[in-house]
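Just so you know, the sequences run in chain order A and B. Taking the working numbering, the leading residue of the first sequence gets -3, the next gets one more, and so forth. Taking the working numbering, the leading residue of the second sequence gets -3, the next gets one more, and so forth. Here a beta-carbon is modelled for each residue, glycine too, at the ideal position from N, C-alpha and C. Small disclaimer: the values here were computed from a predicted structure and weren't measured. Report on one structure; see the data block that follows.
Protein chains: 2
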Amino acid sequence: MSTKIPYKIYLAEDEIPSQWYNVRADMKNKPAPLISPADGHALTIEEMNPIFCEELNKQELDDVTPYFDIPGEVMDFYKMYRPSPLVHAYFLEKALETPAKIYYKFEGNNTSGSHKLNSSIAQAYYAKKQGLKGVTTETGAGQWGTALSMACAYFNLDCKVYMVKVSYEQKPFRREVMRTYGATVTPSPSNTTNVGRKILADHPGTSGSLGCAISEAVETAVSTPGYRYVLGSVLSQVVLHQSIIGLEAKKAMDKYDIKPDIIIGCAGGGSNLGGFAAPFLGEMLRGEADYKVIAVEPASCPSFTRGKYAYDFCDTGMICPLAKMYTLGSQFIPSANHAGGLRFHGISPILAQLYHDGYFEARAVEQTSVFEAATQFARTEGILPAPESSHAIRVAIDEALKCKESGEEKTIVFNLTGTGYFDLYAYQQYNDMTMSDVIPSDEAIEDSLGKLPQ
Amino acid sequence: MSTKIPYKIYLAEDEIPSQWYNVRADMKNKPAPLISPADGHALTIEEMNPIFCEELNKQELDDVTPYFDIPGEVMDFYKMYRPSPLVHAYFLEKALETPAKIYYKFEGNNTSGSHKLNSSIAQAYYAKKQGLKGVTTETGAGQWGTALSMACAYFNLDCKVYMVKVSYEQKPFRREVMRTYGATVTPSPSNTTNVGRKILADHPGTSGSLGCAISEAVETAVSTPGYRYVLGSVLSQVVLHQSIIGLEAKKAMDKYDIKPDIIIGCAGGGSNLGGFAAPFLGEMLRGEADYKVIAVEPASCPSFTRGKYAYDFCDTGMICPLAKMYTLGSQFIPSANHAGGLRFHGISPILAQLYHDGYFEARAVEQTSVFEAATQFARTEGILPAPESSHAIRVAIDEALKCKESGEEKTIVFNLTGTGYFDLYAYQQYNDMTMSDVIPSDEAIEDSLGKLPQ
């Protein structure tokens, strides 16, 4: 097939994949199960049901079913903002003078501004189907909270968001988008929960943390009839829902006979990279193809490149189940100078196992070089990228420049997860040249890893 | 043709119109020319060339050529973010329980967040082609300044933006987007111009106005070698460039045999409505079809519905040429409580003539009802609309509800010009129920109209 490749490849609406792909089904070494913090036994669905939605728990525990049908009502919602375009980064290639071909899947083309909507609408659907009244969650930078509030508005579900206090105060506009979609947004720690009141008493004036917000959201979910807790990354169900990104991207590439050599995604909790790379990793796992898959993480929170593959708590409060992952330790807090998300101390157990088994590599990049790439991308490709997504841009540019050196015509594809409209304070720091790089010392990481549960 | 209509209609890339349509060519009564403030003679191209770009002046004065080829480099840029989707507002229809069919052309699907890019890239192209070093402009809410800075980055042109000081301070993120695209952003009034210094001396502590920013931008353009002044609305060249919206929308509708009954756009300076409605107005002017075209303006700045059709200054400083338009008087300032743009006291001379000749109607709407419509739209259609665009949404909903009453299956199409990411302060006022309506008194308008030039 040698059809002329358009600048933006849009699949037709009826070409949107109708099933999610569960990469675990093709993994010989399955990801390690979530275990109880009390005695280390693998959690059962009965133990998970009081906290999470039932159908989502089934998805969380199922590592053998390769495909899950996407419910019709979720498909309807997907049609509001999907298919997302696969863009040929023609203008960036020209600016770099590289023989490489660069493509990106643009997942920020919706009001939530990120790929998070792909999972929030699925999670809200199953909550509604279960007859729940509402859901609770935490949000830091705000992408997940926004996506969840949009999904809840669609299904007329209550949405209670605990937003890290410093973020609540510094990002009032993120808060207002959530309120516009009908969500209740509470700065965390708050006096609406026991754990919040305790933290406020122990640390008056604290500006909060994601770990604390998780604890408040979980407490509210389990103590309020008709509510459950939902989460926007790390869990295997989220990687499953995000596979829509990779399936669409692969379909678009197949349509125009584009064969990627290098596949790049940023990695925080791992859901966008996991979903984007899933069908390609599936081919690798089945021995059908080989790709170079690269996870890009911030040098200020380097779980893959400097963490340890071990069981650890998912939350700073150490009340949630343990997951086996590459982790910097649940007490690791990235420097306050680190801009944007990708602050989680661990990584999705699926990605952790695949990385451990050598299916992809990881790179840590420094934030000034990330914003340099972001600015170059904005000026050439006309899209203002989110700081998180710009980690992938950085490495895509690096790989394209290597091709310029070597003269190789490699095909590079990356996932552009979101837009940076709510991150302009960080852009301002970069524009003003007051942004600095923040790399944790070996001692700090050793110290944090020393506190891993035994 | 009875193909199933998708939720979002995307034309193929090679279906993007390759020419702009000049509606003036089909007007029997041509819009009145711009005239000199000194003696009222129609301005010649020689008089306009020191201020504006030469090729743009040719377009400004040409009321007979029906089509202008879009230059190849502008087409390349258009392909970054065009074609824009024509969306079937299926979810809004369902929420309203209306038999009406509602469609919208979504022009906010790019980093500038609005349709302004359609003209800024054309204006930057002609400036570059003329060998200029840079351009100057003013911006209030910031959409135009953002769009121009993106276009200038693409052509490597200097871009000097005078931003109304109150906006510069209240919208630091708009400013940062422009800086990220390499523009110089100066709060106006500033001490970089004679007019700015004079205003600062006369009114210490003033927070600025669009009129003042225009004067500073014009002074800088004419006094700096290699610079010209560019403008984002009102002028006929801008309506010409914005015809890409209507041409694309019509092509998409023709493809699926969609026949609009009602065509709606918001009206500030008039460029989005003029461009969107142009091909439909052309059919009306040539006697080929009939449509109900509605201009929607804020009740707080009601140029069409309460203004006078007369020659007036385009700027508050009364130094620019006079245009014949529906005007509230160049000294009219909308209440500070009015949220968002659509604050211009007059309207595009093209639209003014067409309105005068009965080719469309106008409605003024109050802002709390506009934000009510915006919120309903955001929750059902998943897009957070700009306050300006939400004026069109308000009337589209009103018309759809009339159809619900009457049982008529009318087809309504409106232009969704932009997104509201930088307008969340206004959304917050609405969410907090502290937003009020602001309708100028008859006395205030009479007083302002009493100062029209004779």
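Close-in-space but distant-in-sequence residues of the same chain around residue i (CB under 7 angstroms, 5 per side omitted)
i                        : result
serine 32 of chain B     : Leu39 and Pro317
lysine 124 of chain A    : Phe151 and Leu153
alanine 137 of chain B   : Ser163, Gly336 and Gly337
aspartate 286 of chain A : Met280
isoleucine 98 of chain B : Ala85, Leu88, Glu89, Ala392, Ala396 and Ile408
Expected contact under 8 angstroms - CB spacing of residue i and residue j to nearest Å
i                        : j                            : result
methionine 76 of chain A : glycine 378 of chain B       : 4 angstroms
alanine 374 of chain A   : cysteine 262 of chain A      : With a Cβ gap of about 16 angstroms, alanine 374 of chain A and cysteine 262 of chain A do not count as contacting.
alanine 248 of chain A   : isoleucine 441 of chain A    : Rounded, the Cβ-Cβ distance is 40 angstroms, inconsistent with contact.
glycine 265 of chain B   : phenylalanine 340 of chain B : 5 angstroms
glycine 278 of chain B   : tyrosine 100 of chain B      : With 8 angstroms as the limit, glycine 278 of chain B and tyrosine 100 of chain B do not qualify as a contact, their Cβ atoms being about 21 angstroms apart.
leucine 82 of chain A    : alanine 245 of chain A       : 6 angstroms
Any chain A beta carbon closer than 8 angstroms to residue i
i                         : result
alanine 34 of chain B     : no
tyrosine 417 of chain B   : yes
glycine 178 of chain B    : yes
glutamine 424 of chain B  : yes
valine 173 of chain B     : yes
methionine 146 of chain B : yes
lysine 251 of chain B     : no
methionine 76 of chain B  : yes
Environment of residue i [buried if 16+ CB atoms lie within 10 Å]
i                         : result
aspartate 419 of chain B  : buried
asparagine 411 of chain B : buried
arginine 218 of chain B   : Just to set this straight, residue 218 of chain B is valine in the shown sequence, not arginine. It counts as exposed.
glycine 451 of chain B    : With chain B covering only -3 through 450, there is no way to say anything about residue 451 of chain B.
proline 436 of chain A    : buried
arginine 282 of chain B   : exposed
glutamate 395 of chain B  : buried
proline 27 of chain B     : buried
methionine 146 of chain B : buried
serine 432 of chain A     : exposed
aspartate 308 of chain A  : buried
methionine 429 of chain B : exposed
proline 79 of chain A     : buried
asparagine 105 of chain A : buried
histidine 199 of chain A  : exposed
isoleucine 195 of chain B : buried
proline 46 of chain B     : exposed
histidine 37 of chain B   : exposed
glycine 228 of chain A    : buried
Own chain partners of residue i with C-beta closer than 8 angstroms, once the 5 adjacent residues on each side are dropped
i                    : result
serine -2 of chain A : Since pLDDT at serine -2 of chain A reaches only 41, below the 50 mark, its modelled position is unreliable, and the value read off the structure follows with that caveat. So the list reads Asp253, once near-sequence residues are dropped.
is_contact[residue i, chain B] using C-beta, thresh 8 angstroms
i                        : result
alanine 392 of chain A   : no
methionine 44 of chain A : no
methionine -3 of chain A : Annotation note: pLDDT 37 at methionine -3 of chain A (below 50); position unreliable, coordinate value reported separately. By this cut-off, methionine -3 of chain A is not an interface position.
glutamate 103 of chain A : no
leucine 380 of chain A   : yes
alanine 118 of chain A   : no
alanine 388 of chain A   : no
threonine 430 of chain A : no
threonine 216 of chain A : no
Sequence-distant residues of the same chain with beta carbon closer than 6 angstroms to residue i, five excluded per side
i                            : result
serine 535 of chain B        : Outside the modelled stretch of chain B, which goes from -3 to 450, sits residue 535 of chain B, for which no answer is possible.
cysteine 399 of chain A      : Thr94, Pro95, Ala96 and Lys406
valine 434 of chain A        : Ser296, Ser331, Asn333 and His334
glycine 446 of chain B       : none
tyrosine 177 of chain B      : Ser145, Met146 and Ala149
alanine 319 of chain A       : Leu30, Cys310 and Pro345
phenylalanine 451 of chain B : Coverage of chain B is limited to positions -3 through 450, which leaves residue 451 of chain B absent and any answer about it impossible.
Chain E within 8 angstroms of residue i, Cβ atoms only
i                     : result
valine 292 of chain A : Going by chain labels, chain E is absent from the structure shown, which instead holds the protein chains A and B.
Cβ contact (3+ pairs, closer than 8 angstroms) linking the stretch 200 to 208 of chain A and the stretch 301 to 318 of chain A = Yes, since at least three Cβ pairs between the stretch 200 to 208 of chain A and the stretch 301 to 318 of chain A fall closer than 8 angstroms, the two stretches touch.
Is the stretch 57 to 73 of chain A in contact with the stretch 9 to 26 of chain A, if contact means three or more CB pairs nearer than 8 angstroms?
-> yes
Would you call the stretch 172 to 180 of chain B and the stretch 131 to 146 of chain B in contact, with 3 or more CB pairs under 8 angstroms?
-> yes
Touching by the beta-carbon criterion (3+ pairs, under 8 angstroms), the stretch 41 to 51 of chain A and the stretch 220 to 237 of chain A = When Cβ pairs closer than 8 angstroms are counted between the two stretches, the stretch 41 to 51 of chain A is seen to touch the stretch 220 to 237 of chain A, the count reaching three or more.
Determine, using beta-carbon pairs with one atom in the stretch 350 to 358 of chain B and one in the stretch 152 to 166 of chain A, whether at least three such pairs fall under 8 angstroms.
-> Judged by Cβ distances under 8 angstroms, the stretch 350 to 358 of chain B makes no contact with the stretch 152 to 166 of chain A, as fewer than three pairs qualify.
Contact between the stretch 361 to 372 of chain A and the stretch 287 to 300 of chain A (3+ Cβ pairs under 8 angstroms) = yes
Is the stretch 114 to 123 of chain B touching the stretch 85 to 95 of chain B, taking contact as three or more C-beta pairs under 8 angstroms?
-> The answer is no - the stretch 85 to 95 of chain B does not touch the stretch 114 to 123 of chain B, with fewer than three Cβ pairs under 8 angstroms.
Report yes or no: do the stretch 264 to 284 of chain B and the stretch 232 to 241 of chain B share at least 3 C-beta pairs separated by less than 8 angstroms?
-> yes
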